[in-house]
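The sequence shown begins at 14 in our numbering and counts up one residue at a time. Have a look at the structure below before the remarks.
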Amino acid sequence: MTELPAVKAALKSQRIETPSWAYGNSGTRFKVFAQAGVPRDPYEKLDDAARVQEATGVAPVVALHIPWDKVDDYAGLAGYAAERGLTLGAINANVFQDDDYKLGSVTHPDPAVRRKALDHLMECVAIMDATGSRDLKLWFADGTNYPGQDDIAARQDRLAEALTAVYERLGDDQRMLLEYKLFEPAFYTTDVPDWGTAYAHCLKLGPKAQVVVDTGHHAPGTNIEFIVAFLLRERKLGGFDFNSRFYADDDLMVGAADPFQLFRIMHEVVRGGGLEPATGVAFMLDQCHNIEAKIPAIIRSVMNVQEATAKALLVDAGALAAAQRGGDVLEANAVLMDAYNTDVRPLLAEVRQEQGLHPDPLAAYRATGHAERIVAERVGGEQAGWGA
Ligand code: PSV
Ligand code: MN
Ligand code: MN
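Written as structure tokens, this is what we have:
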């Protein structure tokens with residue numbers, strides 16, 4: 014087992030990135046239930062993110078989605094974040110919302126549409142230059158709905174061409190994170206449907222291109238921790254979009270649907286050295302809080318990631334390795350389950366107190382009165398832009 018001080022140190026240094034869009038209104042294709050007090054602009058999203066950071070101490074990074082978070086002065090936005098103890102994280106490109114993208118973006122059969130999409134991706138890199146963000150996160154809604162609709166292989170050529178152009182534009186300290194998703198909005202083929210496709214493109218591009226694992230983007234029953242172990246071993250795991258799902262891309266709070274899966278994922282992360290900052294794994298949330306209060310839901314999500322991380326850190330690696338070497342199937346499984354079944358809440362409370370934080374982040378947030386203040390002060394909150 015990792016010594017307790019090392020476990021605590023790892024928990025204190027983990028960084029969880031929260032998504033700007035989770036602070037805004039969101040919903041399903043059927044209805045967006047507007048909540049009182051939600052942010053009206055990217056600045057207010059950062060104000061809310063600062064509350065999450067204040068309560069948890071491990072969430073000082075905020076991902077942006079462009080153009081949902083469009084502002085005139087991105088360096089100014091980064092300055093605003095810095096004043097609140099935050100930095101700006103991944104810049105998420107959005108080439109899925111315009112009418113032009115009906116048949117795709119970078120894989121569209123029309124070169125003019127491809128050009129438009131590429132221009133947006135380049136604009137996102139320019140925004141990264143201004144904000145100091147390390148990561149460009151690319152998710153493409155591109156795909157087809159009907160057999161024969163377009164040439165599957167030709168679409169891969171177009172994708173590779175766009176990715177190469179963006180890759181060449183990246184600065185030395187910038188990365189491209191390619192996210193895959195099995196289906197939706199396309200229902201027949203998706204151009205980046207799985208980790209293998211993302212991995213193959215990233216491998217060709219070079220070391221600055223890595224794969225993002227969104228935990229809601231797989232077929233039911235997929236062994237996500239295997240993917241994590243494989244990508245980490247290949248140095249191609251750029252990060253996570255954490256959320257949980259019961260059916261498809263539900264975007265519910267991470268750790269809500271299947272905390273055991275989250276633990277198994279974090280076990281592979283710890284095992285593969287992915288908690289060490291040098292590995293560069295970004296622990297991002299990608300969630301929508303359609304019916305629950307947003308800031309507390311994000312705090313809860315951060316806590317859920319911490320709990321899974323703590324349990325993973327408590328796995329007795331020596332005992333596990335010995336059982337594995339000896340072919341002791343039951344003992345190996347028991348070692349893992351012992352860690353999973355540990356109640357790590359007292360440990361995390363202690364860690365927070367050592368950091369000068371309240372042991373209960375949700376109680377700490379409630380005590381600030383921020384929830385009541387924003388309801389009184391903010392009128393006409395913004396829709397997150399996704400899920401509607
Ligand atoms: C697509 O489903 C996705 O997971 C991508 O990360 C998008 O950028 C994000 O959702 C928007 O919420
Ligand atoms: Mn995602
Ligand atoms: Mn998604």
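The beta carbon of each residue, even a glycine, is placed where N, CA and C say it ideally should be. Here the structure is a predicted model, which is why all the values come from computation and not from measurement.
Could you tell me which residues DSSP puts in a beta bridge with residue i?
i	result
TRP152	GLU192
ILE312	Per DSSP, none; premise fails for ILE312.
ALA222	MET189
VAL74	GLU30 and THR100
ILE79	ALA106
SER257	LEU265
ALA166	None; ALA166 has no bridge partner.
PHE296	ILE29 and PHE253
THR157	THR202
ASP227	ASP254
Leaving out the 5 sequence neighbours to the left and right, which residues in its chain are closer than 7 Å to residue i when beta-carbon positions are compared?
i	result
GLU344	ALA336
THR177	LEU218
LYS25	VAL364 and GLN368
ASP61	TYR36, PRO52 and ILE308
GLY285	ALA242, LEU245 and ARG246
What does the Cβ neighbour count give for residue i, buried or exposed, with the cut at 16 atoms within 10 Å?
i	result
ARG246	exposed
SER118	buried
LEU99	buried
ASP186	exposed
VAL392	exposed
GLY252	buried
PRO32	buried
ALA380	exposed
ASP356	exposed
ARG248	exposed
ARG171	buried
PHE43	exposed
ARG147	buried
MET266	buried
LEU361	buried
GLU385	exposed
TYR193	buried
ALA72	buried
ASP163	buried
Just to confirm my understanding: we take residue i, look at its own chain, exclude 5 residues before and 5 after, and list those with CB closer than 8 Å. What are they?
i	result
ALA106	ILE79, HIS133, LEU134, CYS137, LEU149, LYS150, LEU151 and TRP152
GLN366	PRO372
PHE273	TYR353
GLU96	none
ASN158	ALA199, PHE200 and TYR201
VAL75	GLU30, THR31, PRO32, SER33, LYS58, LEU59, ALA62, ALA94, LEU99, THR100, LEU101 and GLY102
LYS221	TYR180, LEU183, GLN187, ARG188 and MET189
ARG258	THR228, GLY229, ASP264, LEU265 and ALA270
Can you give me the Cβ contacts of residue i inside the same chain, cut-off strictly under 6 Å, excluding the 5 residues immediately before and after it?
i	result
GLY70	GLN368 and LEU370
TYR353	PHE276 and LYS324
LEU244	VAL224 and LEU250
HIS383	ARG64
ALA166	none
THR15	LEU326
PHE109	ALA154
HIS121	ARG127
ALA143	TYR87 and ALA88
On the DSSP letters alone, give me the boundaries of the alpha helix (DSSP H) that residue i sits inside.
i	result
LEU288	Looking at the DSSP string, LEU288 is not in any alpha helix (DSSP H), and its letter there is neither H nor E.
ALA199	Where ALA199 is concerned, there is no enclosing alpha helix (DSSP H), given that its DSSP letter is neither H nor E.
LEU59	55–69
ILE140	124–144
PHE46	No alpha helix (DSSP H) holds PHE46; DSSP gives it neither H nor E.
GLU344	342–353
GLU385	383–390
ALA242	237–246
ALA362	358–367
LEU333	330–338
Give a yes or no on whether the minimum CB-CB distance between residue i and chain B is below 8 Å.
i	result
ASP54	You won't find chain B in this structure, because it holds only one protein chain.
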